[in-house]
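Here the sequence shown is numbered in UniProt numbering, starting from 1 and rising by one per residue. Below: one structure, written as structure tokens.
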Amino acid sequence: MLKVSGVHTFYGAIEALKGIDIEIGAGEIVSLIGANGAGKSTLLMTICGSPRARQGRVFFEGEDITDLPTHEIVRRGIAQSPEGRRIFPRMTVLENLQMGSIVAQPGSFDRELERVLTLFPRLKERINQRAGTMSGGEQQMLAIGRALMSQPRLLLLDEPSLGLAPLIVKQIFQVIQEINREQKMTVFMVEQNAFHALKLAHRAYVMVTGKITMTGTGAQLLADPEVRSAYLEGGH
Ligand SMILES: Nc1ncnc2c1ncn2[C@@H]1O[C@H](COP(=O)(O)OP(=O)(O)OP(=O)(O)O)[C@@H](O)[C@H]1O
Ligand SMILES: [Mg+2]
């Protein structure tokens with residue numbers, strides 16, 4: 001479904017991605033783990049066209065999307081829940097979800113809203129609350145919900161568990177699994193929480209300073225001694 005081939009991305013003279021190759025099949029949950037500054041967010045953003053790959057190509061369902069403007073990439077069926085959530089704090093929950101549906105099929109709004117509010121009942125209770133006054137966990141639910149409103153076929157999640165209490169983390173990962181199983185949603189997820197990310201994933205990649213250093217099934221990487229000592233020491 002998604003193929004990233006030999007991608008190099010720069011910030012000025014700094015090479016953040018140094019030749020990335022990854023593939024994501026339809027229906028998979030694929031996780032990307034790696035230390036702070038490895039380039040994980042840069043990869044998700046490069047897939048969405050900002051920043052752009054300076055070298056290499058990104059293909060989505062066979063089409064070369066490397067040079068498309070971001071809104072065209074979203075229109076093709078890729079949605080991102082960015083790191084730090086980036087919800088619109090002064091808008092209500094409902095207005096944030098409306099923003100997410102801008103590129104969706106006309107007439108789909110009510111059905112998608114219903115679906116998102118069923119996945120996240122908390123958002124339903126807070127539908128008219130200003131998003132910026134919600135808790136971190138609620139804002140994360142909103143960021144994912146907003147991404148889902150565009151009816152993506154590929155959902156990109158950047159650190160969905162960041163800064164959240166264990167119980168909320170569990171809920172968020174359950175919802176991700178549910179979307180994948182029931183809506184056949186393909187998910188590419190960046191996570192610091194390597195234990196959860198690998199447990200949930202069908203396959204995963206490890207990134208170290210702009211390069212993919214390891215790949216395998218979630219279970220293989222969970223059992224790998226190198227992965228364990230680098231990312232899983234001290235339990236999870
Ligand atoms: N806008 C920017 N301008 C310049 N350098 C940047 C910019 N964004 C990221 N970088 C640099 O690119 C590298 C990769 O950053 P990136 O945010 O992709 O890492 P990450 O793996 O997502 O890290 P984290 O786990 O901390 O979120 C880092 O060295 C970072 O300092
Ligand atoms: Mg990041």
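C-beta: ideal position from N, C-alpha, C; glycine also.
Discussion item. What I want to know is whether the C-beta of S41 ends up closer than 7 Å to one or more non-hydrogen atoms of ligand 2.
Written reply: yes
Discussion item. Can you tell me whether P160 is buried or exposed? The criterion is at least 16 other CB atoms within 10 Å of its CB, across all chains shown.
Written reply: buried
Discussion item. Rounded to whole angstroms, what is the Cα-Cα separation between L175 and I144?
Written reply: According to the sequence as given, residue 175 is Val; it is not Leu. Going by the C-alpha atoms only, they are around 10 Å apart.
Worksheet item: Sorted by chain position, which residues of the same chain lie with C-beta nearer than 8 Å to Q129's C-beta, five sequence neighbours on each side aside?
Response: T92, V93
Practice prompt. Give a single yes or no on whether E159 has its beta carbon closer than 7 Å to a heavy atom of ligand 2.
Written response: yes
Discussion item. Going residue by residue through the region 129–196, where are the continuous beta strand (DSSP E) segments of at least 3 residues, counting only ones entirely within it?
Written reply: 154–158, 186–190
Practice prompt. Check whether the Cβ of E83 sits closer than 7 Å to any heavy atom of ligand 2, and report yes or no.
Written response: yes
Worksheet item: If we ignore side chains and look at the alpha-carbon of each, how far apart do I29 and G12 end up?
Response: 32 Å
Worksheet item: So the beta strand (DSSP E) G21 belongs to, where does it begin and stop?
Response: In the sequence under discussion, the amino acid at residue 21 is Asp, which differs from the Gly named in the question. Taken as a continuous stretch (DSSP letters only), the beta strand (DSSP E) holding D21 covers 14–24.
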